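Quick note, the working numbering runs 400 ahead of the 1-based positions in the sequence shown.
Backbone N, C-alpha and C define an ideal beta-carbon position, used for all residues, glycine too.
As the structure is a prediction and not an experimental result, all values here were calculated from the model.
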Amino acid sequence: MAMEQTAVDLESGGPVFYNKNFEALVQLACNVMDAFTVAFFRSTPDGETLRLASYFSLGENVVPGVTIKSGQGMIGWVAKERRPLTVSEFSHDATTLKLYSVPEEIKSFMAVPVMDGERLVGVLVVDSKRQYVFTQKHQKLTTDFARVFALVANDQERVEELVHEASSIEGISAVVEELSSSERLSQMVRALHHNIGNLVENSAFVFALKSAKDGQFNIIPPPTGDEETRGIPLQLDQSLLGWVIKNKRFLNHQDVVTTAADFGGSAGEGHRSFLGVPMVVRQEVIGALGVLGKKEKAFNRADVRILSILGSVAASYVAGAYAYGAAVASRKTDPLTGLGNYIFIKEKADEIGGKSPAGMLVLDINDFSRITGDFSIDIADGALIEIAGFLKRVVAEKGHVGRYYGDVFLIYLPEHDAEETTASAKKLLDVLRAKNFYVESRQVSFDGKVGAAHAGAGGLDGGELIKRAFGALKSARMAGTSVAVYNV
């Protein structure tokens, strides 16, 4: 007499320990049916393969862990057709069943599908060496046993899901800790890409975020450094991840091949399953997480819950990063012109200044108060916006423009030596004088004074460089000249 109590995991090949109900059930069925062997084969999620999960036999020749393809032999036929099969006066070589390693003198054979609604759970096999025919009563008993096996299998699957969820708690905790310590969005993206495989087994990971600037959803690849996060536009109407975002719901698509659907930026081919969850904060979808599987029905209920938890956690931290970024940006932005302010220019100078020589210009528009006097404060604000845009176009890629206050502007010029800084100050005034602005349909021109300061590589911090440029501007005002340069 032999009895198998463990099976092999259908996906990974690792051991799965069933509860003792399976052991008791196969033994009970064997005794009630007066059988030689009772065996329970469990189906893979895609229904393509059966593997021997548990058995009770009066012989010693059952092949432990044997696998049978759907449609292969009598047992495979039952799995494929979802119909019972009874063979009286069994005259075949018993090894053709794939259950035995040597021929056994089987006299009758019966197999019934174990179903959970429309889903195939497995196949229950009963054979006998004592009777040539299984009666109607035997067939009904086997069908009843199959229902019990389905219930026990469902309970076991639930236990496995709970074990999987419990084992993932530590992993989720590690991700949360990594997200909470991330200062940049790129670090959060890297944490998600790095850890997702530890939580949900997958063949590819797809991550989409809503841009804080234009509201466009983009696929975010793993960052290669500390650079700003960049993405590829996601077509919401043409991808499964887009469906998740639009509907604010998870999607567990178990056979994507039948739909030829686009996942949403995933690399490679051959994926069969897709699981996606939205990232929602205060009823607003700010992104989505998606995982892909090479096998059909690769993701179960536990995977849905784990990915949903991760999506909710990630959404909170990403939203926090967005809010912090917006607060920092507003702290560095002039609210009227949209240019950077003193803090912005100072930080740029601190960031770049130590790498190369640089120049700083302070531009003061002459007699700008006449605009306020001749028109109004609102119109004067409009004129400042026009001047700001003009300066930004003139400086372009050569440097950074900011508004200090009123009609005073800061221009930071990286990689400019002393001579180039002075030349840039003079050229800036030349193009300003040549520009015709229009205020309330009236043509207006502006002039100004510029204070210039220069620092060699690794010389001054941003604050000191700006201070020296203001000192030069004061000298220009006192001397009545257009340009003055700070002299040490």
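Specify whether the stretch 508 to 519 and the stretch 483 to 496 touch according to this definition: at least 3 beta carbon pairs, one from each stretch, less than 8 angstroms apart.
-> yes
Environment of Val525 [buried if 16+ CB atoms lie within 10 Å] | Taking the sequence shown and counting its residues from 1, the one referred to as residue 525 is at position 125. When all chains shown are included, Val525 counts as buried.
Are the Cβ atoms of Thr442 and Ile468 separated by less than 9 angstroms?
-> Stepping through the sequence shown from its first residue, residue 442 is reached at position 42. Stepping through the sequence shown from its first residue, residue 468 is reached at position 68. As written in the sequence, residue 442 is Arg, which differs from the Thr given in the question. No, Cβ-Cβ distance for Arg442 and Ile468 is not below 9 angstroms.
4-residue-minimum alpha helix (DSSP H) runs that sit fully inside the stretch 577 to 652, ordered along the chain | 585 to 599 and 640 to 647
For Ile475, three-class secondary structure by DSSP | Locating residue 475 in the sequence shown gives position 75, where the first residue counts as 1. In this structure, Ile475 counts as helix in the three-state DSSP scheme.
Kindly list the residues whose CB is nearer than 8 angstroms to the CB of Glu840, restricted to its own chain and excluding five residues on each side of it in sequence; keep chain order.
-> On the sequence shown, residue 840 is found 440 positions in, with the first residue counted as 1. Here the set comprises Phe775 and Ile779.
List the residues that DSSP assigns as beta-bridge partners of Tyr838.
-> As a working mapping, residue 838 is identified with position 438 in the sequence shown. In the DSSP output, where bridge partners are listed per residue, Tyr838 has Gln843.
Alpha carbon to alpha carbon, how far is Val883 from Asp861?
-> Within the sequence shown, residue 883 is the residue found at index 483, counting from 1. Within the sequence shown, residue 861 is the residue found at index 461, counting from 1. For Val883 and Asp861, the distance between alpha carbons rounds to 23 angstroms.
Coarse secondary structure for Glu436, derived from DSSP in three states = Against the sequence shown, residue 436 aligns to sequence position 36. Checking the sequence, you will find Phe at residue 436 rather than Glu. The answer is coil: DSSP assigns Phe436 none of H, G, I, E or B.
Beta carbon of Tyr717, beta carbon of Leu865: below 9 angstroms?
-> Here residue 717 corresponds to residue number 317 of the sequence shown, with the count starting at 1. Here residue 865 corresponds to residue number 465 of the sequence shown, with the count starting at 1. No, they are not a contact pair.
Within the stretch 498 to 538, note down every full beta strand (DSSP E) run reaching 3 residues or more, in order along the chain.
-> 508 to 516 and 519 to 528
Report the three-state DSSP secondary structure of Tyr742 (helix, strand or coil).
-> Counted from its first residue, the sequence shown places residue 742 at position 342. Looking at Tyr742 - three-state DSSP - the assignment turns out to be helix.
Quick one: what's got a C-beta closer than 6 angstroms to Val502's C-beta in the same chain, skipping five residues either side?
-> For this step, residue 502 is matched to residue 102 along the sequence shown. So the qualifying residues of the chain are Asn461.
Val831 burial status per 10 Å Cβ neighbour count (16 or more: buried) = Counting from 1 along the sequence shown, the entry for residue 831 is found at position 431. Flag for Val831 reads exposed.
Taking C-alpha atoms, which residue in Pro464, Gly465 and Trp477 lies nearest to Glu448?
-> As a first step, residue 448 is located in the sequence shown; it is residue number 48 there, counting from the start. Of the listed residues, the one whose Cα sits closest to Glu448 is Trp477.
Could you check which residue in Val487, Ala604 and Gln654 has the C-alpha nearest to that of Arg519?
-> Numbered from its first residue, the sequence shown carries residue 519 at position 119. Looking at the Cα atoms, Gln654 is the closest of the given residues.
Could you check which residue in Glu601, Phe870 and Gly738 has the C-alpha nearest to that of Leu707?
-> In the sequence shown, counting from the first residue as 1, residue 707 sits at position 307. If we check each option's Cα against that of Leu707, Glu601 comes out closest.
Taking buried to mean at least 16 other C-beta atoms within 10 Å of its own C-beta, is Val492 buried or exposed?
-> For this step, residue 492 is matched to residue 92 along the sequence shown. Position check: residue 492 holds His in this sequence, whereas Val was assumed. Exposed: under 16 other Cβ atoms inside 10 Å.
Proximity of Ala855 and Gly759 at Cβ, strictly below 9 angstroms | Indexing the sequence shown from 1 puts residue 855 at position 455. Indexing the sequence shown from 1 puts residue 759 at position 359. A contact, by the Cβ cut-off of 9 angstroms.
Would you please state the rounded distance, in angstroms, between the beta carbons of Ile745 and Gly802? I believe it to be under 8 angstroms.
-> To locate residue 745, count along the sequence shown from 1; it is residue 345. To locate residue 802, count along the sequence shown from 1; it is residue 402. Indeed they touch by this definition, with Cβ atoms about 4 angstroms apart.
Under the rule that 16 or more other beta-carbon atoms within 10 Å means buried, what is Val523, buried or exposed?
-> As a working note, residue 523 is residue 123 in the sequence shown. By the neighbour-count rule (16 or more Cβ atoms within 10 Å), Val523 is buried.
Where Asn741 falls, given that 16 or more other Cβ within 10 Å makes a residue buried | Within the sequence shown, residue 741 is the residue found at index 341, counting from 1. Under this definition Asn741 is a buried residue.
Quick one: any contact between the stretch 683 to 695 and the stretch 610 to 623, if contact means 3 or more CB pairs under 8 angstroms?
-> yes
Keeping to the same chain, check which residues put their C-beta closer than 7 angstroms to that of Val885; ignore five residues upstream and five downstream.
-> Locating residue 885 in the sequence shown gives position 485, where the first residue counts as 1. Result list for Val885: Thr822, Ala852 and Ala872, in chain order.
Cβ distance (whole Å) where Ser457 is taken to contact Thr437 below 8 angstroms = Within the sequence shown, residue 457 is the residue found at index 57, counting from 1. Within the sequence shown, residue 437 is the residue found at index 37, counting from 1. Correct: roughly 4 angstroms between the Cβ atoms.
Grouping DSSP H, G and I as helix and E and B as strand, with all else coil, what is Ala721?
-> Taking the first residue of the sequence shown as 1, we reach residue 721 at position 321. Of the three classes helix, strand and coil, the one that applies to Ala721 here is helix, per DSSP.
In DSSP terms, what Phe441 is bridged to | Locating residue 441 in the sequence shown gives position 41, counting from the first residue. Leu452 and Val523.
Would you tell me roughly how many angstroms separate the C-alpha atoms of Val533 and Lys695, rounded to the nearest one?
-> Within the sequence shown, the letter at position 133 stands for residue 533. Within the sequence shown, the letter at position 295 stands for residue 695. When rounded, the distance between both Cα atoms is 40 angstroms.
Which whole-angstrom value is the C-beta distance of Ser673 and Lys646, which I expect to be below 8 angstroms?
-> On the sequence shown, residue 673 is found 273 positions in, with the first residue counted as 1. On the sequence shown, residue 646 is found 246 positions in, with the first residue counted as 1. The pair is not a contact, with the Cβ atoms about 20 angstroms apart (cut-off 8 angstroms).
Could you name the residues that DSSP lists as bridge partners for Ser673?
-> Along the sequence shown, one-based indexing puts residue 673 at 273. Partner(s): Gly693.
Helix, strand or coil at Glu684 according to DSSP, with G and I counted as helix = Here residue 684 refers to the residue found at position 284 when the sequence shown is read from its first residue. Correct three-state label for Glu684: strand.
When the Cα atoms are used, what is the spatial distance from Leu599 to Val713?
-> Position 199 of the sequence shown, counting from 1, holds the residue named residue 599. Position 313 of the sequence shown, counting from 1, holds the residue named residue 713. So the two alpha carbons sit approximately 14 angstroms from each other.
In terms of residue numbering, what span does the beta strand (DSSP E) encompassing Thr733 cover?
-> Locating residue 733 in the sequence shown gives position 333, counting from the first residue. That residue, Thr733, is in no beta strand (DSSP E); it is neither H nor E in DSSP.
Report the option in Gln638, Trp643 and Gln616 whose CA atom is closest to the CA atom of Ile632.
-> Numbered from its first residue, the sequence shown carries residue 632 at position 232. When only C-alpha atoms are compared, the closest one is Gln616.
Any idea which residues DSSP pairs Arg803 with across the strands?
-> Mapped onto the sequence shown, residue 803 falls at position 403. Per DSSP, Phe809.
Cβ shell of Gly473 (< 7 angstroms), same chain only, five flanking positions each side left out = Mapped onto the sequence shown, residue 473 falls at position 73. Around Gly473: Thr496, Leu497 and Lys498.
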